[in-house]
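S.K.:
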Amino acid sequence: MNILILGSGGREHTIAWKLHQSKNLSNLYIAPGNAGTADIGINIPIGVNDFKGIKNAVLTNDIDMVIVGPEDPLVNGIHDFFLNDSELREIPVIGPQKAAATLEGSKEFAKEFLYRHNIPTAAYQSFTSEDLEEGYTFLESLKAPYVLKADGLAAGKGVVILNDLNEAKEELKSMLVDAKFGNASAKVVIEEFLSGIELSVFVLTDGKGYKVLPTAKDYKRIGEGDKGLNTGGMGAISPVPFADNAFMDKIHERIVKPTVDGLKKDNLPYKGFIFIGLIKVNDDPFVIEYNVRMGDPETEVVIPRIKNDLVDVFKAVGDQSLDSIDLEFDERTATTVMLVSGGYPEAYEKGKEIKGYENIEDSIVFHAGTQIKNGKVVTSGGRVMAITSYGNNHKDALQKSYQNIQKINFDKMNYRKDIGFDL
Ligand code: AMP
Ligand code: GLY
């Protein structure tokens, strides 16, 4: 099979690494990919939203299947684009069609879905600039902290949580009236604040059946002790130690099953990953958000724990035979620590040569923001590399990642030294 992966981060390198181990793989292509994917496949220099370029690459390289990494092309309808094209129609795309991708593309759509299917989530109301005053009144009816979410995609920055009522009103105005997040904040969802510990559950569905993948927890803040600005994710752990069987049963019954059933009831075709962001309030799970793709860096700990041949698994998603597959997971814990460019998630420099990662043996190095320039591997993004290790528990696994990180260096390299601190 010839497979094309869309994307260029640690998530895509991890999927490439896993597919590369399959006997059923012939050629692996990644668009646009990074220096890590170039080692195990062929990078094609086209963007994930360049649908015409993607079509051309698919036909030229005889691609049999496309795996979509990030949400953007899904929300823009890449899967629909394939279905509507007579030359591409038969090629399976892993990732939902545009209608279901709206679960990530619009917070209001996701909240309506959750309510319609009685899936536990925070109470909410949504507002536009027309009803700013009603928004103020709703904020007054809530207790601090106040959670404001831009409805549309805002590069992971669209959620603002504030303790002060007046600041929350100002923020609401800035989002709705001053278009703080552009068109993404033309509508704002205001939510009840839920207090608890977060985790994520990943589901793979073929639109008929589904499989629950290992749980993971990521560390989003740049600073130790979960302080400072939000990032794409600074590290992750799988499985989540506090997600015991009793809690997983609740997640399964109250959230996963009604989500997949809800997609069917609402006639939302879905072949791909569902990333369910959850919060544990006392002993009960509530949905914080849906994403229509795998997480990054959660992929770097979830995929390495899947023992099956991933080509077989994706084929089964494509032809809706997922029920016939028994997924097996590695019992060990996997952890990953993200190496980032100094300054990230604010301004940072690129083009720094990365040294010392080539000879690491007991961790897996997944490239994220890297590229090859003049024969050297250099940084090309904020998140540069994820160092994944296995262990008997998260401390054991993290120790390996941290030891191996000592061997890697690039100018202004930064990483969090406290992944798992709260467990
Ligand atoms: P989201 O982009 O929806 O994942 O939100 C970003 C982060 O905001 C989440 O990971 C949570 O930490 C936090 N958050 C979102 N909604 C709530 C809520 N209703 N209560 C408490 N925290 C929330
Ligand atoms: N790590 C969070 C995400 O991928 O959305």
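Residues are numbered in the working numbering as their position in the sequence shown, beginning at 1, plus a constant of 2. Glycine residues also receive a C-beta, built at the ideal position from the N, C-alpha and C atoms. In this text the structure is predicted, and so the values were computed from the model without any measurement.
1. Could I get the ranges of all uninterrupted alpha helix (DSSP H) runs contained in the stretch 171-210, with 4 residues as the minimum, in chain order?
2. Between the C-alpha atoms of Met236 and Asp180, what's the straight-line distance to the nearest angstrom?
3. Based on the DSSP output, what are the partners of Glu114 in its beta bridges?
4. Return the CA-CA distance between Pro72 and Arg334, expressed in angstroms with no decimal places.
5. For a test of the three-state rule: what should DSSP assign to Tyr127, helix, strand or coil?
6. Tell me where the beta strand (DSSP E) around His369 begins and ends.
7. Could you tell me whether the stretch 193-208 touches the stretch 269-283, where touching means 3 or more Cβ pairs closer than 8 Å?
8. Across the stretch 292-305 and the stretch 5-15, are there enough close Cβ pairs to call them in contact, namely three or more that are closer than 8 Å?
9. Please return the same chain residues whose Cβ sits closer than 6 Å to the Cβ of Gly393, not counting the five positions on each side in sequence.
10. Just jot down, in chain order, the residues whose CB lies closer than 5 Å to any heavy atom of the ligand GLY.
11. Across which residues does DSSP place Tyr31 in a beta bridge pair?
12. Below 6 Å CB to CB, which residues in the same chain sit around Lys357 once its five sequence neighbours on both sides are set aside?
13. Kindly list the residues whose CB is nearer than 8 Å to the CB of Asn376, restricted to its own chain and excluding five residues on each side of it in sequence; keep chain order.
14. Any heavy atom of the ligand AMP closer than 7 Å to the beta-carbon of Phe140?
15. Helix, strand or coil, according to DSSP, for Arg385 in the structure here?
16. If you drop the 5 nearest sequence neighbours on each side, which residues of the same chain put their C-beta closer than 7 Å to that of Gly365?
17. Just to confirm, is the Cβ distance from Leu8 to Pro75 under 8 Å?
18. What do you reckon, is the C-beta of Lys151 under 7 Å from a heavy atom of the ligand AMP?
19. With burial defined as no fewer than 16 other Cβ atoms inside 10 Å of the residue's Cβ, what is the status of Arg385: buried or exposed?
20. For Gln373, write down the residues that DSSP places opposite it in a beta bridge.
21. My understanding is that Ala186 touches Ala156, with C-beta atoms under 8 Å, so please give their C-beta distance in whole angstroms.
22. Given that a residue counts as buried once 16 or more other Cβ atoms are within 10 Å of its Cβ, and exposed if not, what is Pro147?
23. What do you reckon, is the C-beta of Lys222 under 7 Å from a heavy atom of the ligand AMP?
24. Rounding to the nearest angstrom, what Cα-Cα distance links Asp66 and Gly230 in this structure?
25. Which residue from Lys57, Thr123 and Glu291 puts its Cα closest to that of Ser88?
26. Please report the Cβ distance between Glu226 and Arg418, rounded to the nearest whole angstrom; I am assuming they are in contact, meaning their Cβ atoms lie under 8 Å.
27. Identify which residue in Asn26, Ala18 and Gly55 has its Cα closest to the Cα of Ile44.
28. Distance, Cα to Cα, Gly137 vs Pro260?
29. In the DSSP assignment, what are the bridge partners of Thr338?
30. If distances are taken between C-alpha atoms only, which option among Pro47, Phe204 and Asp220 comes closest to Val214?
M.R.: According to the structure data:
1. none
2. 31 Å
3. Glu114 is not bridged to any residue.
4. 27 Å
5. Contrary to the premise, residue 127 reads as Gln rather than Tyr in this sequence. Residue state, collapsed to three classes: strand.
6. Ile366 to His369
7. yes
8. yes
9. Thr335 and Ala399
10. Asp220, Gly235, Gly297 and Asp298
11. Leu6 and Ile44
12. Asn411
13. none
14. no
15. strand
16. Contrary to the premise, residue 365 reads as Ser rather than Gly in this sequence. Counting only Cβ-Cβ distances below 7 Å, and skipping sequence neighbours, we find Ile389, Thr390, Ser391, Lys402, Ser403 and Asn406.
17. yes
18. yes
19. buried
20. Val380
21. 4 Å
22. exposed
23. yes
24. 44 Å
25. Lys57
26. 6 Å
27. Ala18
28. 30 Å
29. Ala238 and Thr390
30. Phe204
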